[in-house]
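Asker: Could you have a look at this structure, given as structure tokens, before my questions?
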Amino acid sequence: LASLNLMKFRTPEGEFDVESFKHAVEIVITAQEILVDSASYPTPGIEKNSHDYRPLGMGYANLGALLMSRGLAYDSDKGRNLSAAISALMSGHAYATSSVIAKRLGPFRGYPSNEKPFLNVIGMHRSHAGKIPREDVPKDLVDAAVRSWDEALSLGERFGFKNAQISVIAPTGTIAFMMDCDTTGIEPDIALVKYKWLVGGGVIKIVNGTVPEALKRLGYSTSQTDEILNYLQNNDTIEGAPHLKQEHLSVFDCAFKPSKGSRSIHYMGHVKMMSAVQPFISGAISKTVNMPNSVTVDEIMQTYVNSWKMGLKAIAIYRDGSKRTQPLTTSMDEKEKGKPLEKVAYKPLRKRLPDQRDATIHKFSINGNEGYLMVGLYADGSPGEIFVVMSKEGSTISGLMDAFATSISIALQYGVPLRVLVNKFIHTRFEPAGMTNNPEIRFAKSVVDYIFRYLGLKYLSKEDQDAMGLAKTMVENHEAQAKLVEPAQKLAEQRVVEHEFTSRLEPDPLTFDPQSDAPACDNCGMIMVRAGSCYKCLNCGNTSGCG
């Protein structure tokens, strides 16, 4: 799979750069084709299929941001028309590139037996490209899309194709963060305003960076834009903003309803967008259509029927609150019923510390509350026990901390990896919390959070620290660091609205109404949001499995 960030293919005037996009498609398809023979596969069957048919999965991300930047509503005919044209150009030019590769290297092994139906499919794609409505779609984009399918069919009839499949729309749940995308895959934005916790403490408020571009595109003056943005920053919703016209509200509609607003994209708006794009995608579109808790069985059934009628290859329906509990089910063949299952039991082994052991004692202070952490070490320097003493605390707190430290010590001695414990207990929140006297841990959300941050920084590998967001990210090369300062400052000025440090413990700030059964992130503790068939964390980028 490979996805292109659509916001990177714009001219200085804000128009879609057709030629740059085509060039990127050529490079990515060629690179993906090279990887087919170099990649490893989980099973022999998958390996054989991949070599015989060489399927690829090019796609894109940030479509929602691109539409908003052009002043187009996600749930609108104009937005769907532009999305269809971009998708048609991507797949059409990718198939043409695949045919050019086949001219040199020959088509995929399964092509001779599939030539006629394959060319029929390309012809169907070409036919749909000619039917793309041109309303509010740049003429050069539509013309290029139509030409790309003409070229793909013409080349394919002469040379065949190197790849049986060329495109899919992946959820891009993880890679979108690395690509600096506001939106993932084919999705609209989750909310216009989001909060992110900082590793060192405090919170920043981030406003969707395409809102100012959208307002400018819609004809608002600089002063009007500033007033609208100030309203958005203060109220976490754009509804009711001064100067904003009623007919422009739909441009800023998002997947979730704002906590202080009432608007969001209707679930059929998601289905219609998928339907506009599907005729130009080889595979399916990975996207979950989120439906409200109040939706009826008949409405869900009708959504499936409508999706089938609209030509979708796949759709996943998710009703808010439907997975509050997960039933456990099993299946067993009739002939296996009644047979006893073989059980193998393993007795855990405890590795105790020697009577004479090395130890370190660390004094800490959290918001004025002092304490001492003692870590007993094995001969190899790894921790095997901890003791925690809180000064000036009552017997209840002291007893709880003693019991907690004992349980962690036993876990370490029975072989529970320290990284697992650190990952589980960092970001635990309760009082006392606040600023610390440790320059490497500026802010602690609780005593437990501080203890495990300290243990992680002291005893975990650099790789584990990086994975958990514990390691310092200072650039060693000062010359390279200087080059990063200016672009980083510009990005911060554009997107970071508010930076607030506080010694008080506050609940997770949310500017939208999350799904009632959305899980907490197992990495940072923030509430996750659905992305495709998985969940992603808007704070740290962690996902429950989507790519």
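Numbering-wise, the working numbering comes out as the position in the sequence shown, counting from 1, plus 457.
Glycine included, every Cβ here is placed at the ideal spot set by N, Cα and C.
#1: If I647 and A712 are in contact, beta carbons under 8 Å, what's the gap, nearest whole angstrom?
#2: Could you pull the start and end residues of the beta strand (DSSP E) that K702 belongs to?
#3: Could you name the residues that DSSP lists as bridge partners for P715?
#4: Check this for me: beta carbons of I843 and S822, under 7 Å apart or not?
#5: Could you please give me the residues that DSSP links to T1000 through a beta bridge?
#6: Would you mind reading off the limits of the beta strand (DSSP E) that contains A771?
#7: Keeping to the same chain, check which residues put their C-beta closer than 6 Å to that of M789; ignore five residues upstream and five downstream.
#8: Below 8 Å on the Cβ atoms is my guess for F473 versus L598; work out the distance and round it to an integer in Å.
#9: Using only the alpha-carbon positions, how far apart do T1000 and C978 sit?
#10: I'd like to know whether the C-beta atoms of V746 and I774 end up nearer to each other than 7 Å.
#11: Pull up the distance between the alpha-carbon of I486 and that of Y510, whole angstroms please.
#12: Who are the near neighbours of L529 in its chain, counting only those whose CB is closer than 8 Å to its CB and skipping five residues on each side?
#13: Taking C-beta to C-beta, are E490 and A553 nearer than 7 Å?
#14: Between L834 and A816, how many whole angstroms is the CB-CB distance? I'm expecting something under 8 Å.
#15: At the level of alpha carbons, what is the spacing between A602 and P736?
#16: At what residue ranges does the region 492-537 contain a whole run of the alpha helix (DSSP H), taking only runs of 4 or more?
#17: Using a Cβ-Cβ cut-off of 7 Å (strictly less than) and excluding sequence neighbours within five positions of N824, which residues of its own chain qualify?
#18: What's the C-alpha gap between T930 and N506?
#19: Let me check understanding here. Comparing Cα to Cα, which of T629, N577, D637, I818 lies closest to E644?
#20: Does DSSP put K662 in a helix, a strand or coil?
#21: Where N687 and P595 are concerned, what is the direct C-alpha to C-alpha distance, given to the nearest angstrom?
#22: Taking just the CA atoms, how far does L524 sit from T640?
#23: Quick one: what does DSSP say G828 is sitting in, helix, strand or coil?
#24: Is the CB-CB distance between I623 and S739 below 7 Å?
#25: Can you tell me whether T853 is helix, strand or coil according to DSSP?
#26: Give me, in chain order, the residues of the same chain whose beta-carbon lies closer than 7 Å to that of S848; leave out the 5 immediate sequence neighbours on both sides.
#27: So, at 6 Å on beta carbons, what are the nonlocal neighbours of E793 in its own chain, with the 5 sequence-adjacent residues on each side left out?
#28: Where do the N-terminal and C-terminal ends of the alpha helix (DSSP H) with I579 fall, by residue?
#29: Quick check: the region 574-591 against the region 490-503, are at least 3 beta-carbon pairs closer than 8 Å?
#30: Would you identify the three-state DSSP class for F844, choosing helix, strand or coil?
#31: Are the CB atoms of A627 and S743 within a distance shorter than 7 Å?
#32: Have a look at R807, Y724, I484 and flag the residue whose alpha-carbon is nearest the alpha-carbon of S764.
#33: Candidates L463, H700, I579: which alpha carbon is nearest T679's?
#34: V485 by DSSP, collapsed to three states: which one?
#35: So the alpha helix (DSSP H) L686 belongs to, where does it begin and stop?
#36: Could you name the residues of the same chain whose beta carbon sits closer than 6 Å to that of F478, not counting the 5 residues immediately before and after it, in chain order?
Answerer: Answer, in terms of the structure:
#1: Along the sequence shown, one-based indexing puts residue 647 at 190. Along the sequence shown, one-based indexing puts residue 712 at 255. The Cβ separation is near 5 Å, so the contact holds.
#2: For the purposes of this step, residue 702 is identified with residue 245 of the sequence shown, where counting begins at 1. Here K702 belongs to no beta strand (DSSP E), and DSSP marks it neither H nor E.
#3: Mapped onto the sequence shown, residue 715 falls at position 258. Paired residues: F969.
#4: On the sequence shown, position 386 is the one that residue 843 refers to. On the sequence shown, position 365 is the one that residue 822 refers to. No, the pair does not count as a contact, with Cβ atoms beyond the cut-off.
#5: Indexing the sequence shown from 1 puts residue 1000 at position 543. Note: T1000 sits in a beta bridge opposite K993.
#6: To locate residue 771, count along the sequence shown from 1; it is residue 314. Note, A771: premise wrong, no beta strand (DSSP E); not H, not E.
#7: Numbered from 1 along the sequence shown, position 332 holds the residue referred to as residue 789. Note that M789 scores a pLDDT of 38, beneath 50, so its modelled location is shaky and nothing firm can be said.
#8: Here residue 473 refers to the residue found at position 16 of the sequence shown. Here residue 598 refers to the residue found at position 141 of the sequence shown. The pair is a contact, with the Cβ atoms about 6 Å apart (cut-off 8 Å).
#9: Sequence index remark: in the sequence shown, residue 1000 carries index 543 (1-based). Sequence index remark: in the sequence shown, residue 978 carries index 521 (1-based). Distance between the alpha carbons of T1000 and C978 is about 8 Å.
#10: Looking up residue 746 in the sequence shown gives position 289. Looking up residue 774 in the sequence shown gives position 317. It is a contact, given that the beta carbons lie within the stated cut-off.
#11: If you number the sequence shown from 1, residue 486 lands on position 29. If you number the sequence shown from 1, residue 510 lands on position 53. Computed Cα separation, rounded: 15 Å.
#12: As a first step, residue 529 is located in the sequence shown; it is residue number 72 there, counting from the start. So the qualifying residues of the chain are K535, G536, L539, D593, V708.
#13: Taking the sequence shown and counting its residues from 1, the one referred to as residue 490 is at position 33. Taking the sequence shown and counting its residues from 1, the one referred to as residue 553 is at position 96. No. Outside cutoff.
#14: On the sequence shown, residue 834 is found 377 positions in, with the first residue counted as 1. On the sequence shown, residue 816 is found 359 positions in, with the first residue counted as 1. Confirmed, about 6 Å.
#15: Within the sequence shown, the letter at position 145 stands for residue 602. Within the sequence shown, the letter at position 279 stands for residue 736. Approximately 13 Å between the Cα atoms of the pair.
#16: 501-510, 520-526
#17: Taking the sequence shown and counting its residues from 1, one reaches residue 824 at position 367. Same-chain partners within the cutoff: P889, A890, G891, M892, S960.
#18: Numbered from its first residue, the sequence shown carries residue 930 at position 473. Numbered from its first residue, the sequence shown carries residue 506 at position 49. For T930, the predicted model reports a pLDDT of 45, less than 50, meaning its position is unreliable; a value from the coordinates is still stated below. Straight-line Cα distance between these residues: approximately 42 Å.
#19: The residue labelled residue 644 in the question sits at position 187 within the sequence shown. Selected option, being the one with the closest Cα: T629.
#20: Against the sequence shown, residue 662 aligns to sequence position 205. K662: strand per DSSP, three-state reduction.
#21: Translated into the one-based positions of the sequence shown, residue 687 becomes position 230. Translated into the one-based positions of the sequence shown, residue 595 becomes position 138. So the two alpha carbons sit approximately 32 Å from each other.
#22: For the purposes of this step, residue 640 is taken as the residue at position 183 of the sequence shown. For the purposes of this step, residue 524 is taken as the residue at position 67 of the sequence shown. Whole-angstrom Cα-Cα distance: 11 Å.
#23: For the purposes of this step, residue 828 is taken as residue 371 along the sequence shown, with counting starting at 1. In the structure shown, G828 sits in a strand (DSSP, three-state: E or B).
#24: Here residue 623 refers to the residue found at position 166 when the sequence shown is read from its first residue. Here residue 739 refers to the residue found at position 282 when the sequence shown is read from its first residue. In this structure, S739 lies closer than 7 Å to I623 by Cβ.
#25: Looking up residue 853 in the sequence shown gives position 396. Helix at T853.
#26: Residue mapping note: residue 848 aligns to position 391 of the sequence shown, counting from 1. Result list for S848: E827, G828, in chain order.
#27: By one-based count along the sequence shown, residue 793 stands at place 336. Confidence at E793 is low in this model, with a pLDDT of 46, below 50, so its placement is unreliable and no value can be given for it.
#28: The count along the sequence shown starts at 1 and reaches residue 579 at position 122. First-last of the alpha helix (DSSP H) with I579: 572-586.
#29: no
#30: Counting from one through the sequence shown, the residue named residue 844 turns up at place 387. In this structure, F844 counts as strand in the three-state DSSP scheme.
#31: As a first step, residue 743 is located in the sequence shown; it is residue number 286 there, counting from the start. As a first step, residue 627 is located in the sequence shown; it is residue number 170 there, counting from the start. Yes.
#32: Counting from one through the sequence shown, the residue named residue 764 turns up at place 307. Here the closest residue by C-alpha is Y724.
#33: Here residue 679 refers to the residue found at position 222 of the sequence shown. When each option's Cα is compared against that of T679, the closest is H700.
#34: Within the sequence shown, the letter at position 28 stands for residue 485. It is helical.
#35: Working through the sequence shown from its first residue, we reach residue 686 at position 229. Looking at the DSSP string, the run of the alpha helix (DSSP H) that includes L686 is 679-692.
#36: Start at 1 with the first residue of the sequence shown, and residue 478 comes out as number 21. Once the five neighbours on either side are set aside, the close Cβ partners of F478 are F466.
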